[in-house]
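Take a look at the structure below.
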Amino acid sequence: MKLISFVQQIMPPAFSMGCLAALALTTASAKAKEQPWDIRAVVLTTYEIGEDTGDRAGEFQPWIEGEHLTEKVPFPLGIHPIYTDAQHHLLVVVTGTPIASATTSVMALATDPRFDLRHAYWMVDGISGFDPTVASVGSVSIADYVVGDITRYIDKREAPKEWPYGYFMITAQKPNQYALSGGDAPDGSIQHNNAFQLNSSLVHWAYDLTQTVTLSDPPQLEAQRKLYKPTDIAAGRPAVVTGGDFGSDTFWHGKIMTGFARDWVHLLTQGKSHFVSSDMEDSGILEALTRLGQAGRVDSSRVLVLRSASNYTEQPHGMTAVQSMNSGYDGEKVALDNGYRVGSRIIHELLQHWDKFGTRTP
Numbered sequence: 140m141k142l143i144s145f146v147q148q149i150m151p152p153a154f155s156m157g158c159l160a161a162l163a164l165t166t167a168s169a170k171a172k173e174q175p176w177d178i179r180a181v182v183l184t185t186y187e188i189g190e191d192t193g194d195r196a197g198e199f200q201p202w203i204e205g206e207h208l209t210e211k212v213p214f215p216l217g218i219h220p221i222y223t224d225a226q227h228h229l230l231v232v233v234t235g236t237p238i239a240s241a242t243t244s245v246m247a248l249a250t251d252p253r254f255d256l257r258h259a260y261w262m263v264d265g266i267s268g269f270d271p272t273v274a275s276v277g278s279v280s281i282a283d284y285v286v287g288d289i290t291r292y293i294d295k296r297e298a299p300k301e302w303p304y305g306y307f308m309i310t311a312q313k314p315n316q317y318a319l320s321g322g323d324a325p326d327g328s329i330q331h332n333n334a335f336q337l338n339s340s341l342v343h344w345a346y347d348l349t350q351t352v353t354l355s356d357p358p359q360l361e362a363q364r365k366l367y368k369p370t371d372i373a374a375g376r377p378a379v380v381t382g383g384d385f386g387s388d389t390f391w392h393g394k395i396m397t398g399f400a401r402d403w404v405h406l407l408t409q410g411k412s413h414f415v416s417s418d419m420e421d422s423g424i425l426e427a428l429t430r431l432g433q434a435g436r437v438d439s440s441r442v443l444v445l446r447s448a449s450n451y452t453e454q455p456h457g458m459t460a461v462q463s464m465n466s467g468y469d470g471e472k473v474a475l476d477n478g479y480r481v482g483s484r485i486i487h488e489l490l491q492h493w494d495k496f497g498t499r500t501p
C-alpha cells in the first residue's frame, strides 16, 4: 500500500497505473523464472567419448540422438552439460566414473534448485561386464539388487590356504561369513550400506514391458559366441534378464574374481539375488538416491538400474584372464544400442502415460 500511495502522489493516475501494471508483470515473470522444472524422468549415463553426437558413441550419445535432444543445460557441479526435452520433463546426464564421481554428480543434480525431482523416475543406463553363465554379450539386465564393494581384504598370498580369495565383509572374519556386527568384528558404528534392493514391483513391470523389445544382434557377435561351448549361455543370443548388479571401484576380471562376485552378491542379498553385471558406479548412485529419498528430494522407490553387456567378467576357454582383459570389447557398440532400446521403451511408457504413472508407481 505504501508503494501504491507513493506512486500515485508523484505521478499522473494513468501513468502510475501503467507503472504498477509493469511492476506486476515483472514480478510475475521473475516468479515464473524461479519455478523449478517438473522433471519426470532422469537418465543417468556414466561416460561419453568426444562429441555428443555424430562420432564414436559413449553411453550418453544414443539418448541425445535417439530422443532428438538439442537443448543443453549447464551443470556447474557436474562433469558434462545436461540435455533436456522441449517440455523440460526429461533430463539426460553424464555422471562420470567411478563411484565417487557418480555419487557426487547425483547429489549435485538432486540438490540443484532448477529441478523439481520429487516425483521423477531415475534410470541408470550403462554398459558393463556380465557373468557368462547368466547372459550373452548384448543382453540387458534390469537390476533387482545393487551390491557395493566395501570389504576387508588380505592378499591371497598371505591368507589361509583354504580361503578362495582375500575379500570378506567388513564386519566378518573370513570369506563368505555373513556378520552385520558383534563378536571381534567392528561394531555397527561403521556405515556400510552394501546391498540396495530396488522396488521389486517396478523392476518386474519394467522386465515384463521390455520382453518384446527387439535387441540388436549383429554378425560380429558370432565370433565371441564361438569362444564358448554351444551349450553355454554365453553362446546364446542377447536377451533382457534381471539379477544382481555389483558396483566396485576396481575394474576386475577373471574366473577367480567372477567366483567372488557370485558369492558376494548371493551373500549380501542373503540368497535373494544372483550376480549378473559388474560396473564402477551403481553402488554410489544408489547410496546417493537413498539419502536423497530420506530427505524427500527424490522418490527412491522410482529407481531402475539397467546394464547392458559389452563383455564378460571372465575369460573364455583357452585364454588367460590377462589376455581376455586386454583383448578389447567387441560388444561395446551393440551394448550401447540395446541399452538405449530397452531403456527408451521404459522411459517412453512412463512419460506418455504420466496421467497414470505420475501418481502411481508401477
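Residue 140 in our numbering is what sits at position 1 of the sequence shown, and the numbering runs on without skipping anything.
For each residue, glycine too, the CB sits at the ideal point set by N, CA and C.
A quick note: this is a predicted structure, and the numbers were derived from the prediction, not measured.
Between Ala180 and Gly423 the beta-carbon gap is near 21 Å, outside 8 Å, which marks them as no contact. Going by beta carbons, Val352 and Val379 fall inside the 8 Å limit. When beta bridges are read from the DSSP output, Ala400 appears opposite no residue.
Taking the CA atoms as reference points, Phe399 sits about 12 Å from Ser417. Runs of beta strand (DSSP E) with 3 or more residues, each lying fully within the region 161-241, are found at 180-184, 210-212, 221-223, 229-233, listed in chain order. Thr370 is classed as exposed because its beta carbon has fewer than 16 other beta carbons within 10 Å across all chains shown. At least 8 Å separates the beta-carbon of Leu475 from that of Glu187. A straight line joining the alpha-carbon of Lys472 with that of Gly217 spans about 25 Å.
Excluding its 5 nearest sequence neighbours in each direction, Ile372 has C-beta neighbours in its own chain below 8 Å: Pro271, Thr272, Val273, Ala274, Ser275, listed in chain order. By the Cβ criterion, the region 347-364 is not in contact with the region 399-411, since fewer than three pairs of Cβ atoms, one from each stretch, lie closer than 8 Å.
Here Gln409 carries a coil assignment [DSSP, helix/strand/coil]. The C-beta distance from Tyr292 to Ile395 rounds to 14 Å, too long to fall under 8 Å, and the pair is not in contact. Contact check for Leu319 against Tyr284 fails: the beta carbons are separated by 8 Å or more. For Gly205, the CB contacts under 8 Å within the same chain, skipping 5 residues up- and downstream, are Tyr479, Ser483 in chain order. Considering only Arg441, Lys495, Leu428, the residue with the shortest C-alpha distance to Ala241 is Leu428.
Here Phe390 is exposed, its C-beta having fewer than 16 other C-beta atoms within 10 Å. Scanning the region 293-376 from its first residue to its last, the whole beta strand (DSSP E) runs of 3-plus residues come out as 306-308, 334-336.
Within the region 459-488, the complete alpha helix (DSSP H) segments at least 4 residues long are 460-464, listed from N- to C-terminus.
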